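Novice: Residue numbers (our numbering): 34 to 438.
Using N, Cα and C, we set each Cβ at its ideal position, and we do this for glycine too.
None of the values given here were measured: they were computed from a predicted structure.
#1: DSSP has residue 205 in a bridge; who is on the other side?
#2: Compare the Cα-Cα distances from residue 223 to each of 361, 200, 297, 373 and report the closest residue.
#3: Please classify residue 430: is it buried, with 16 or more other beta-carbons within 10 angstroms of its beta-carbon, or exposed?
#4: Give me the Cα-Cα distance between residue 394 and residue 400, rounded to the nearest whole angstrom.
#5: What is the DSSP secondary structure of residue 405, counted as helix, strand or coil?
#6: Report the rounded CA-to-CA distance for residue 216 versus residue 141, giving the unit in angstroms.
#7: Going by DSSP, name the residue or residues bridged to residue 387.
#8: Under 9 Å, do residue 103 and residue 166 count as touching if we go by C-beta distance?
#9: So residue 340 packs on residue 359, CB below 8 Å; how close in whole Å?
#10: For residue 369, count the other beta carbons within 10 Å of its own beta carbon; 16 or more makes it buried, fewer makes it exposed. Which is it?
#11: Alpha carbon to alpha carbon, how far is residue 246 from residue 218?
#12: Between the Cα of residue 191 and the Cα atoms of 304, 225, 111, 428, which residue gives the shortest distance?
#13: Can you give the Cα-Cα distance for residue 66 and residue 321, rounded to whole angstroms?
#14: Indicate whether residue 378 and residue 361 have their beta-carbon atoms separated by less than 9 Å.
#15: Select from 300, 257, 437 the residue whose C-alpha is nearest the C-alpha of residue 376.
#16: So what does DSSP say about residue 319, is it helix, strand or coil?
#17: Please report the straight-line C-alpha distance between residue 308 and residue 233, rounded to a whole angstrom.
#18: How far does the alpha helix (DSSP H) with residue 417 in it extend, from its first residue to its last?
#19: Could you check the C-alpha separation between residue 409 and residue 317 for me, to the nearest Å?
#20: Counting only runs of 4+ residues fully inside the segment 346-398, write out the alpha helix (DSSP H) ranges in chain order.
#21: In its own chain, which residues sit with a C-beta less than 6 Å from the C-beta of residue 423, not counting the 5 before and 5 after it?
#22: Are there three or more Cβ pairs, one per stretch, closer than 8 Å when the segment 325-333 is compared with the segment 243-257?
#23: Excluding the 5 residues flanking residue 210 on each side, which residues of the same chain have their C-beta closer than 7 Å to its C-beta?
#24: Can you tell me whether residue 342 is helix, strand or coil according to DSSP?
#25: Which partner residues does residue 428 have in the DSSP bridge list?
#26: Label residue 156 either buried or exposed according to how many other C-beta atoms from any shown protein chain fall within 10 Å of its C-beta, with 16 as the threshold for buried.
#27: Could you pull out every residue in the same chain whose Cβ sits closer than 7 Å to the Cβ of residue 443, ignoring the five residues on either side in sequence?
#28: Could you say which of 279, 162, 374, 397 lies nearest to residue 249 if we only look at CA atoms?
#29: Would you mind giving the Cβ-Cβ distance between residue 236 and residue 205, rounded to the nearest angstrom? I have them listed as a contact below 8 Å.
#30: Just the C-alpha distance for residue 212 and residue 184, rounded to the nearest angstrom, thanks.
#31: Could you check if residue 294 is buried or exposed, using at least 16 other CB atoms within 10 Å of its CB as the buried criterion?
#32: On a Cα-Cα basis, can you pick out the residue from 181, 386, 326, 372 that is closest to residue 195?
#33: Select from 406, 282, 105, 158 the residue whose C-alpha is nearest the C-alpha of residue 271.
#34: Can the beta-carbon of residue 214 be found closer than 9 Å to that of residue 273?
#35: What are the partner residues of residue 218, as DSSP defines its beta bridges?
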């Protein structure tokens, strides 16, 4: 199992809308409508291919996987009413109040003259059902006042509605009104291995649709903090690291294996690095898709603590007697408490400064994160926490609730 690592603040969410404003404006909707598809495949069956063994066949397998998957990869364009300003000249006489002076001069001013609908950003996504279910990143469609348009590789465009935004992971589900669409299927991401091939496809820089990059899975179960261009920060656990190039605009696009199946969803890139990108694992994303299909929303169990994994440095700084677990700690700069008021953790008596060592006997360490353990629990389930507080260990029962929207 790979060890956790932190790249904050150099991890940037790969395709936040605002980061691509100028680049998206350079490409007109007509250019997107022309499309750059290398395949006209229209079958509604899940796409898979069988990779071959020798080196030449390996190259053909990549080509086949890309050709099969591309029709199911989409570009997402964000539009919004933005203020429009005009410049005018204003007469100013700085002496008139005192001397009745007739002298004046003009200075330029700006005034708002209404709003105008403009493209303000974009990202990538992919179809996971024949009837128009699209997976992307939450940060791509985070603006609730914006409108979203999905472009297929053949240039067809659809108005998209945001069905659900995941409160825990950087995942969102969109829906378009269509039928018999090509779509991708998920692989079992728990079975992927470091060194296996990985293919990323997406709308690079918001301009180059269906850009393909290939590499390998570089690491597993990474834990990172990702920062968007707007300063939004979130913890992402158990992400896949890859050296397949993930550029701004690729966010929400698929990371594929040689069978053309989704092993992850591209989410972030380490700036200043040589091809260090990250993807949310397919099993996590598939659970979100299944939840939306079954309930119409994303149902997540919720504990209600903010925390940091314990490292030797954190243990020493806080005079802790343990070198594993998570320390409950807030963010004073953001006004965030370590224990959310009214949450299950608050009702169970957990307080900032306590250390959660285990959940249901499962030790929290560099291989097992609190988020991953809670994610595998159910709403309404009672879990047993082993907590270190005031120098003493004790057991605390907590009933998980649904993550508040």
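Specialist: Judging by the given coordinates:
#1: For the purposes of this step, residue 205 is taken as the residue at position 172 of the chain shown. Note: residue 205 sits in a beta bridge opposite 169, 198.
#2: For the purposes of this step, residue 223 is taken as the residue at position 190 of the chain shown. Among 361, 200, 297, 373, the Cα nearest to that of residue 223 belongs to 297.
#3: Reading the chain shown from its first residue, position 397 is the one you call residue 430. With fewer than 16 Cβ atoms within 10 Å of its Cβ, residue 430 is classed as exposed.
#4: Taking the chain shown and counting its residues from 1, one reaches residue 394 at position 361. Taking the chain shown and counting its residues from 1, one reaches residue 400 at position 367. Approximately 15 Å between the Cα atoms of the pair.
#5: Walking along the chain shown from the start, residue 405 turns up at place 372. It is helical.
#6: Looking up residue 216 in the chain shown gives position 183. Looking up residue 141 in the chain shown gives position 108. If I take the Cα positions, the gap works out to 54 Å.
#7: The count along the chain shown starts at 1 and reaches residue 387 at position 354. None, per the DSSP bridge assignment.
#8: The sequence position of residue 103 within the chain shown is 70, counting from 1. The sequence position of residue 166 within the chain shown is 133, counting from 1. Against a cut-off of 9 Å, the Cβ pair of residue 166 and residue 103 comes out as no contact.
#9: Counting from one through the chain shown, the residue named residue 340 turns up at place 307. Counting from one through the chain shown, the residue named residue 359 turns up at place 326. The Cβ separation is near 4 Å, so the contact holds.
#10: The residue given as residue 369 occupies position 336 in the chain shown. Counting Cβ neighbours within 10 Å, residue 369 comes out exposed, since fewer than 16 surround it.
#11: Residue mapping note: residue 246 aligns to position 213 of the chain shown, counting from 1. Residue mapping note: residue 218 aligns to position 185 of the chain shown, counting from 1. Spanning the two alpha carbons is a distance of roughly 20 Å.
#12: As a first step, residue 191 is located in the chain shown; it is residue number 158 there, counting from the start. Answer by Cα proximity: 111.
#13: As a first step, residue 66 must be located in the chain shown, where it is residue number 33. As a first step, residue 321 must be located in the chain shown, where it is residue number 288. With a pLDDT of only 39 at residue 66, under 50, the local geometry of the prediction cannot be trusted, and the value read off the model is given with reservation. Cα to Cα, residue 66 sits roughly 30 Å from residue 321.
#14: In the chain shown, the residue the question calls residue 378 occupies position 345. In the chain shown, the residue the question calls residue 361 occupies position 328. Yes.
#15: Against the chain shown, residue 376 aligns to sequence position 343. For residue 376, the nearest C-alpha among the options comes from 437.
#16: Along the chain shown, one-based indexing puts residue 319 at 286. Of the three classes helix, strand and coil, the one that applies to residue 319 here is helix, per DSSP.
#17: The residue given as residue 308 occupies position 275 in the chain shown. The residue given as residue 233 occupies position 200 in the chain shown. Near 12 Å, if we compare the C-alpha coordinates of residue 233 and residue 308.
#18: The sequence position of residue 417 within the chain shown is 384, counting from 1. From DSSP, residue 417 is part of no alpha helix (DSSP H) but of the beta strand (DSSP E) over 415-422.
#19: One-based indexing of the chain shown puts residue 409 at position 376. One-based indexing of the chain shown puts residue 317 at position 284. The straight-line gap from Cα to Cα measures roughly 10 Å.
#20: 377-380
#21: Counting from one through the chain shown, the residue named residue 423 turns up at place 390. Correct list: empty, nothing qualifies.
#22: no
#23: On the chain shown, residue 210 is found 177 positions in, with the first residue counted as 1. Counting only Cβ-Cβ distances below 7 Å, and skipping sequence neighbours, we find 165, 191.
#24: Translated into the one-based positions of the chain shown, residue 342 becomes position 309. In the structure shown, residue 342 sits in a strand (DSSP, three-state: E or B).
#25: Within the chain shown, numbered from 1, the residue matching residue 428 stands at position 395. Partner(s): 419.
#26: Here residue 156 refers to the residue found at position 123 when the chain shown is read from its first residue. Per the 10 Å Cβ criterion, buried.
#27: Look at the range of the chain in this structure, 34 to 438, and you will see that residue 443 is not part of it.
#28: The count along the chain shown starts at 1 and reaches residue 249 at position 216. The shortest Cα separation from residue 249 among 279, 162, 374, 397 belongs to 279.
#29: Counting from 1 along the chain shown, the entry for residue 236 is found at position 203. Counting from 1 along the chain shown, the entry for residue 205 is found at position 172. Going by Cβ atoms, the distance from residue 236 to residue 205 rounds to 16 Å, so no, they are not a contact pair.
#30: Counting from one through the chain shown, the residue named residue 212 turns up at place 179. Counting from one through the chain shown, the residue named residue 184 turns up at place 151. Cα-Cα distance, rounded: 15 Å.
#31: Here residue 294 refers to the residue found at position 261 when the chain shown is read from its first residue. So residue 294 counts as buried.
#32: Numbered from its first residue, the chain shown carries residue 195 at position 162. Ranking the options by Cα distance to residue 195, first place goes to 181.
#33: Translated into the one-based positions of the chain shown, residue 271 becomes position 238. It is 406 whose Cα lies nearest to the Cα of residue 271.
#34: The residue labelled residue 214 in the question sits at position 181 within the chain shown. The residue labelled residue 273 in the question sits at position 240 within the chain shown. Contact flag unset, no.
#35: On the chain shown, position 185 is the one that residue 218 refers to. Its beta-bridge partners do not exist; DSSP assigns none.
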